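Chains as they are written, first to last, in this note's numbering: chain A, 1 to 341; chain B, 342 to 682.
In structure tokens:
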């Protein structure tokens, strides 16, 4: 399988993650690319460096204001000598300000407007790394347009928590949504199936009102888990998109049996939708060995997931999302790719 | 003038203020009560300790879910050995989740639901101090109901950024709103005039749809200043409350002339409304010597503000909001109280 990566993504090396009242180093580290790349190479896949994405590919998903913020935020922030090394928001629009229409002009207000949480710090090289990461997703979509049966984008930073105008949860540009828009140039209907242990809230939000992109997500029950306020089963889309979002939250501790049963439900919905091509938001943090420890999917379970995806008999674009440093990380990826075949 | 304070409020001693990407000690410190109390005592005012507020007074303003959160949040948070000493939210509902109806059950999600920003840490004694602070406001309102022409509540933590179900900006219980509800037992119409350098967004939100409480706020332009997403001149209330909110944002750097001109506009509106009694959300952080340094109101300016308030010829309840440690803090308060006479 063609595997697209970008060494430039290593330049995003986030040091600030606000969690439980403290600022710590984030788990979304450059070493993730190295581990995943080694595993893919060892399995004999066709490793390629992805070029930067065409600007138009980003603009189909993200607002120009948001892209401008991501590009200049760190420089604006750093102009204040009292500012920390990375941009972290400390306030946000709230539910009583729902009608408020604009982010203001200062960097603190704009950070709170365009960054959803304390898990998406912007450092000096975040923008170029996010661009390079999106480039991997575009390259994998292009490979499928060129005839490949499947392709894998080794994206980091990941993308599925990013909305059209809002970063969050280690994500800045929604790579899988960007790839979906590339595929929509050929296909009338595409499906995005998210198997990261966290709900793909950004992807859901981007396509919330659209019937041409079916979004599905299998993830840990958000009642007590990120993103907390989205990912419930009653979120089905609105307007033209009503019925084109399917959330399958599962209890914490779920293992192969529960995840594979949810996968079968999702695959049946995708077949019914008759997607021309299918994108997988491939989080590997559901692994039993993942440091998050929320789900307990085995390496064999990941291989079975890959096998069942092929039963769709549609071209597949796999886009890396979460999955954190542990001995099983590379093995989980290799298992999925082996299953897809 | 009767001055109501509560030594118990000293037990709220917040150590965690997320600002510019770092966690620092907050400016809203117990020493503020000591400085303000000393100034009021030196000026010969009648110093009294306020009793705790009756629960019903809180419940007229705040939801029971929110009060429950404030009461138990620190204990829930502290049950996690990895948690920092004070509750700080790291994620929040966002504008793409507007329809989401509930905060979930875990403390991290509930913190993000009930705490608007990184400036309202909850420590082990925040709840009892916030209660005692609200007690000061209730006592001052009761004094006016008992016949006083004016009374002053030395509240801290302050209250005007707190909504019915949301803490923020050093505020937990909206003291001036609670006092307003006490006064509404006697008066058909009350006005709340906020002269803190920050917009009184919580107070505005609480009475947003009501015609019996006129809310007015004179404050620094929020385009680049807290609370950033509220406080603009086009926010006038909705439904029955349409026309009963008046925001008077002023440029940063405004001094006596600009603030007094805005005050005259506000006082004319209050006269037109024919409020039976008037509450002042008395921030002193507009002082030229305040460490915030955003406005430049002189000590004489504060005395003139006090004098003009008496021209309303209505009972006045003054409720302390912001104003931070500097040599002028006590002098600013003494000047306002002298002006009111």
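The beta-carbon is built from N, C-alpha and C at its ideal position, and this holds for glycine as well.
This one's a predicted model, so the numbers in the text were calculated from it and none came from an experiment.
Using a 10 Å radius around the Cβ and a threshold of 16 neighbouring Cβ atoms, would you call residue i buried or exposed?
| i | result |
| --- | --- |
| residue 203 of chain A | buried |
| residue 413 of chain B | exposed |
| residue 282 of chain A | buried |
| residue 47 of chain A | exposed |
| residue 64 of chain A | exposed |
| residue 422 of chain B | exposed |
| residue 300 of chain A | exposed |
| residue 380 of chain B | buried |
| residue 662 of chain B | buried |
| residue 442 of chain B | exposed |
| residue 313 of chain A | exposed |
| residue 397 of chain B | exposed |
| residue 390 of chain B | exposed |
| residue 362 of chain A | Outside the shown range of chain A (1 to 341) lies residue 362 of chain A, about which nothing can therefore be said. |
| residue 522 of chain B | buried |
| residue 282 of chain B | Because chain B here runs from 342 to 682, residue 282 of chain B falls outside it and cannot be looked at. |
| residue 506 of chain B | buried |
I need the boundaries of the alpha helix (DSSP H) containing residue i, first residue and last residue.
| i | result |
| --- | --- |
| residue 178 of chain A | 175–183 |
| residue 641 of chain B | 640–651 |
| residue 152 of chain A | No alpha helix (DSSP H) contains residue 152 of chain A, which is instead part of the beta strand (DSSP E) from 150–153. |
| residue 611 of chain B | 597–614 |
| residue 129 of chain A | 126–145 |
| residue 406 of chain B | 405–419 |
| residue 449 of chain B | 448–455 |
| residue 33 of chain A | 31–42 |
| residue 206 of chain A | 201–206 |
| residue 666 of chain B | Where residue 666 of chain B is concerned, there is no enclosing alpha helix (DSSP H), given that its DSSP letter is neither H nor E. |
| residue 400 of chain B | 396–400 |
Which bits of chain A does residue i rub up against, with CB to CB less than 7 Å?
| i | result |
| --- | --- |
| residue 363 of chain B | 84 |
| residue 533 of chain B | In chain order: nothing, as chain A lies at least about 16 Å away. |
| residue 354 of chain B | Simply none; closest approach about 16 Å. |
| residue 546 of chain B | 96 |
Residues of chain A with CB under 9 Å from residue i, in chain order?
| i | result |
| --- | --- |
| residue 570 of chain B | 91, 92, 93, 94, 97, 100, 102, 103, 104, 109, 112, 113 |
| residue 578 of chain B | Within 9 Å Cβ-Cβ: nothing; residue 578 of chain B doesn't reach chain A, min ~12 Å. |
| residue 421 of chain B | 20 |
Under 8 Å between beta-carbons, which chain B residues line up against residue i? List them in chain order, please.
| i | result |
| --- | --- |
| residue 223 of chain A | 445, 446, 447, 450 |
| residue 16 of chain A | 362 |
| residue 87 of chain A | 362 |
Which residues in chain B sit within 9 Å of residue i, going by Cβ to Cβ distance?
| i | result |
| --- | --- |
| residue 166 of chain A | 435, 436, 437 |
| residue 119 of chain A | 431, 432 |
How about residue i and residue j: do their beta carbons lie closer than 9 Å?
| i | j | result |
| --- | --- | --- |
| residue 532 of chain B | residue 611 of chain B | yes |
| residue 284 of chain A | residue 193 of chain A | no |
| residue 482 of chain B | residue 555 of chain B | no |
| residue 176 of chain A | residue 290 of chain A | no |
| residue 74 of chain A | residue 87 of chain A | yes |
| residue 586 of chain B | residue 548 of chain B | yes |
| residue 189 of chain A | residue 273 of chain A | yes |
| residue 168 of chain A | residue 432 of chain B | yes |
| residue 638 of chain B | residue 673 of chain B | yes |
| residue 127 of chain A | residue 172 of chain A | yes |
| residue 98 of chain A | residue 550 of chain B | no |
| residue 648 of chain B | residue 681 of chain B | yes |
| residue 30 of chain A | residue 156 of chain A | yes |
| residue 136 of chain A | residue 9 of chain A | yes |
| residue 492 of chain B | residue 650 of chain B | no |
In chain A, which residues lie less than 8 Å from residue i when you measure between Cβ atoms?
| i | result |
| --- | --- |
| residue 504 of chain B | 94, 96 |
| residue 457 of chain B | 91, 92, 94 |
| residue 516 of chain B | Within 8 Å Cβ-Cβ: nothing; residue 516 of chain B doesn't reach chain A, min ~18 Å. |
Can you name the start and end residues of the beta strand (DSSP E) that residue i belongs to?
| i | result |
| --- | --- |
| residue 47 of chain A | 46–49 |
| residue 344 of chain B | 343–346 |
| residue 590 of chain B | 586–591 |
| residue 661 of chain B | 657–661 |
| residue 622 of chain B | 618–623 |
Tell me the DSSP bridge mates of residue i?
| i | result |
| --- | --- |
| residue 353 of chain B | In the DSSP output, where bridge partners are listed per residue, residue 353 of chain B has none listed. |
| residue 359 of chain B | B:364 |
| residue 217 of chain A | A:194, A:247 |
| residue 336 of chain A | DSSP output for residue 336 of chain A lists no bridge partner at all. |
| residue 512 of chain B | B:509 |
| residue 463 of chain B | B:428 |
| residue 163 of chain A | A:166 |
| residue 82 of chain A | DSSP lists no partner for residue 82 of chain A. |
| residue 458 of chain B | A:91 |
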